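The structure appears right after this line, and notes come after that.
Chains as they are written, first to last, in the numbering used here: chain A, 4 to 905; chain B, 4 to 161.
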């Protein structure tokens, strides 16, 4: 990147900078006129000095060139008196105000846009450089440092870039214009006004230099601070585990103190500069009043000229101040640019073409993977991989065996071209691998490490990530969208950004050997199956929701499964007690009163279960069917039972969480409430108490809580309320509840609940497992297993896959690597988080899958190498020996040791 | 069955006979009422135990897996029996499999709840000791009988 910010600005926005400067220059004559006119108004139009009225404008408005006076109005005579002349000049003044402001407006907008585009370019450049950093760079540079550099630190540069050339040009021109004006009035006075400028020009840079150094220190310190914060977030578990919060806080406080100290010094310096500037600036008026006044008294100067000169000097202060501020801003921007850019060019960074190049005819890799004297040294010059030479034909399966620190994982990274060797070279399929674009290595080779990363998004997003190299089909935009897209592309080009459409289809179906998204999802499931994650994804699917409007067929299938489940249950009396189905005309003993009343799932917050007792419509429904008093009475009984049972339990007792009627915090309130209310006259309770009592019955589940409060009468009234609730649902609320309907898919419930269409009964042994098995049977009978699993692909995995277990993340990374059907699959201890049975299954499946293809597996235990075609033994960075497992286990002492130590 | 009926039922079980009704109510409310179908296992030998059971109604067999792979039914339990406490008291895997031989109504008392009750009600701890002692006695008698039988057989063989 360019060494200085001016170089960068000049290279990428030369034309805009020139345009802005030209615009500034063009605006200057108008500015001059703007200062000239008031003087003419006072001297000529008001005082009549040097003119005689009536005045012939033709004689006045002439343009002098080569000693000839050319009248601007041509041969026409326009004669006007003094007052119209005054008015005319005033109108001209007004017009000039408009013109000058217009220039300012246009220039400012142009400036702003130029700055923002340049900022976008700079950020993009920095970000794309991060993607080309050699991996070891990230050992020294944390995300906590990189993030503020690309976001906050370069932010002020945008403002500066817009001003880089035009501000000094404009304000400088402005200053020169005013100075010219002043000098034309009276050179002595003008000289007096600028007499102190040289002093400022000498002094300010000296002071500024110190501020600059402090600025650099400040940037470095803030960066360290954000690194610290990043580290704290990542290591928060350790902090708690070892009670080091205070140490961490003290360290943070210490950093803050140093930032404060730097800031303090910057402030002092800055305000010293400001103080000096302003003081020197005020010496100007002093000169005008003293010297100019003297001249007026002596009759050497007209008072109008002095007034105009004072006005002009006042205006002189503005551009001069701007120029000084610009100087400081420029110093600040230069520091920021230098400190950021110097971080973004680490040694060994790959060129942009390495990433962007799309080679023609990306055929499969053939032949062999050959390394000659492959060496990798770490930052302490220790050879981690030391002169490894090998030839690996691409039709075999290799296990790399070695102790920890033997360099086997680094070798795997080198072979995958993820690390660049310090020495030696790698030849892949007949070409020097150093020249291969990422498009070749990233598509023909898969590498999975022990700490494979899962991105936020769905399982599908992660699974198909390895197929997203560049957009394969353009989206057909029409109308406004097409215009927006065109603007997008144009803007991207203007700021040197990539203009690929992020909304286009990026998936390289051919790479996965499929033709369309539907086949791809099946291929994805197959890949998950081969590493044994299909069952987990199926479970995610059961707990997932679909939009029945979009997936009509699936919704219909689920409804068939619902019927199938009913038939199964009807056929087997042992199953009948397991699930209590929803029936429009029957009270469901395993559902809460709230659920029985609504007879549907709430959508959104309107009918949130926790707040049903506060909902106007719900209260109205209760009132209409005459349930209010009964609800109060049941609420009272629930409350008194809870108080009786839980009163002497410690507040943190888990029973409070298990039985969620009343939390420990609420219990004293409820106790007080029960004491102050009159059981016989509950209806008279004030609003809040009433709500509190009323809210309790909604959560009551007869089969679970067994309080004997839900008798037949209450049940039939709730059924009545259920009907009333559905029939009189006010407009605007009809989308707030998705009613249970035996014939309809319930969009607000997950797939499992849709199949179940009821409640798993309480009090039946192993009910959940048996129901799960039953659902599994029904789903299998209808051939829906894969369809449900497909829904599971839409499961969102959370930040960095945090909703998945470590084992699941590792399996997902393996499936992702398999899906793109690589010619070479390289695994670095990629199954460490899995239990040994799963590990064995995956290994068998992969070994079978890669029969006759290239699989390179750096195994964590030597015994895992048994079934590979060939074993490479690494020791202290060197390739010790290679051969078949059976031969080596007899001859190689190191392998023997490794096997024995297991 | 409602909570109050359950409390009445619990009171009839010797183990809980001396516990005041309000605490029995808490026990009934917080323990899970579980129904097992004929043939279902309450617990399986070797599994980790997290609860004990009080049989409210029905019958079950207590079965032990022998080293030779065969199964031996060592006991038949019915109403008011208290089973499954060994695994949670001694933190050992289940020592036997219990299989329902009819529709079995139980009260499942989780490990936490069980320890809470024992801590709070010494009478219950004593009751459990008494119960265990009875069992011990029964086992001793069985052992003695078995020993005698073994000796007879050995003598006969000699």
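Glycine is no exception: its CB is placed at the ideal position from the N, C-alpha and C atoms.
As the structure is a prediction and not an experimental result, all values here were calculated from the model.
Candidates B/35, B/21, B/131, of which the one nearest residue 85 of chain B by Cα | B/131
Pull up the CB-CB distance for residue 633 of chain A and residue 720 of chain A, whole angstroms please, since I reckon it's below 8 Å.
-> 7 Å
Per-residue contacts from residue 9 of chain B into chain A (C-beta, under 9 Å) | 709
Just the Cα atoms here: how many angstroms apart are residue 85 of chain A and residue 56 of chain A?
-> 6 Å
Supposed contact pair residue 370 of chain A and residue 393 of chain A - C-beta distance, whole angstroms, cut 8 Å = 14 Å between Cβ atoms; not a contact.
Validate contact between the stretch 114-132 of chain B and the stretch 64-83 of chain B using beta carbons, cut 8 Å, 3 pairs = no
Would you give the residue range spanned by the beta strand (DSSP E) that residue 883 of chain A belongs to?
-> 881-886
Residue 449 of chain A versus A/391, A/234, A/415, residue with shortest Cα-Cα distance | A/415
Taking the alpha carbon of residue 273 of chain A as the point to measure from, which residue in A/233, A/717, A/215, A/470 has its own alpha carbon closest?
-> A/215
Of all the CB atoms in chain B, is at least one closer than 8 Å to the CB of residue 914 of chain A?
-> Since the first and last residues shown for chain A are 4 and 905, residue 914 of chain A lies out of range.
Taking contact to mean at least 3 C-beta pairs separated by less than 8 Å, is the stretch 320-338 of chain A in contact with the stretch 174-186 of chain A?
-> yes
Tell me whether residue 840 of chain A counts as near the ligand ATP, meaning its Cβ is closer than 7 Å to at least one heavy atom of that ligand.
-> Questions concerning the ligand ATP fall outside what the structure shown contains, since it holds no ligand whatsoever.
Excluding the 5 residues preceding and the 5 following residue 318 of chain A in the sequence, name in chain order all residues of the same chain whose CB lies nearer than 7 Å to its CB.
-> 181
Hey, residue 8 of chain A and residue 337 of chain A are a contact pair by Cβ (cut 8 Å); roughly how many whole angstroms apart?
-> Rounded, the Cβ-Cβ distance is 6 Å, consistent with contact.
List the endpoints of the continuous beta strand (DSSP E) containing residue 380 of chain A.
-> 371-380
For residue 706 of chain A, collect the residues of the same chain with a Cβ closer than 7 Å to its Cβ; drop the 5 residues on either side in sequence, then sort them by chain order.
-> Excluding sequence neighbours, residue 706 of chain A sits near 592, 593, 764, 765, 766.
Chain A contacts from the stretch 37-48 of chain B (Cβ-Cβ distance under 7 Å) = Residues passing the 7 Å Cβ filter: 37, 38, 39, 40, 43.
Residue 876 of chain A versus residue 418 of chain A: straight-line alpha-carbon distance, rounded | Residue 876 of chain A and residue 418 of chain A: Cα-Cα distance of roughly 15 Å.
Whose CA, out of B/9, B/117, B/45, B/83, lies closest to the CA of residue 66 of chain B?
-> The closest CA to that of residue 66 of chain B, considering only B/9, B/117, B/45, B/83, is found on B/45.
Applying a beta-carbon distance threshold of less than 9 Å, which residues of chain A neighbour residue 28 of chain B?
-> 644, 647, 648
Which ranges would you report for the beta strand (DSSP E) in the stretch 384-441 of chain A if only whole runs of at least 3 residues count?
-> DSSP assignment within the stretch 384-441 of chain A yields the following whole beta strand (DSSP E) runs of 3 residues or more, N-terminal first: 386-396, 400-404, 426-431.
Per-residue DSSP class, three states only, for residue 15 of chain B = Residue state, collapsed to three classes: coil.
Quick one: list the residues of chain B neighbouring residue 768 of chain A, beta-carbon separation under 9 Å, in chain order.
-> Chain B residues near residue 768 of chain A: 37, 38, 39, 40, 43, 44, 45, 103, 107, 109, 111.
Give the DSSP-derived three-state secondary structure of residue 553 of chain A in the structure shown.
-> coil
Using the C-alpha atoms, what's the distance from residue 34 of chain B back to residue 113 of chain B?
-> 7 Å
Find the nearest neighbour of residue 118 of chain B within the set B/50, B/32, B/93, judged by alpha-carbon distance.
-> B/93
Beta strand (DSSP E) segments (min. 3 residues) lying fully within the stretch 722-803 of chain A = 740-742, 761-763, all fully within the stretch 722-803 of chain A.
Hey, does residue 577 of chain A have any beta-carbon neighbour from chain B nearer than 8 Å?
-> yes
Spatial neighbours of residue 827 of chain A within its chain, please: CB distance less than 6 Å, with the 5 preceding and 5 following residues excluded, ordered by chain position.
-> 448, 857
For residue 6 of chain B, name the three-state secondary structure that DSSP assigns.
-> Residue 6 of chain B sits in a helix when the DSSP states are folded into three classes.
For the beta strand (DSSP E) that contains residue 579 of chain A, what are its first and last residues?
-> Note, residue 579 of chain A: premise wrong, no beta strand (DSSP E); alpha helix (DSSP H) at 576-579.
Could you tell me whether the Cβ atoms of residue 19 of chain A and residue 13 of chain A are closer together than 8 Å?
-> If you check the CB distance, residue 19 of chain A and residue 13 of chain A do not come in under 8 Å.
Any 3 or more C-beta pairs closer than 8 Å across the stretch 164-171 of chain A and the stretch 111-131 of chain A | yes
Going by the beta-carbon positions, is the gap between residue 815 of chain A and residue 465 of chain A smaller than 8 Å?
-> Contact: yes.
Within 10 angstroms of the Cβ of residue 316 of chain A, are there 16 or more other Cβ atoms? Answer buried if so, exposed if not.
-> buried
Looking at chain A, which residues of the stretch 64-86 of chain B have a Cβ within less than 7 Å of any of its Cβ atoms?
-> Residues passing the 7 Å Cβ filter: none.
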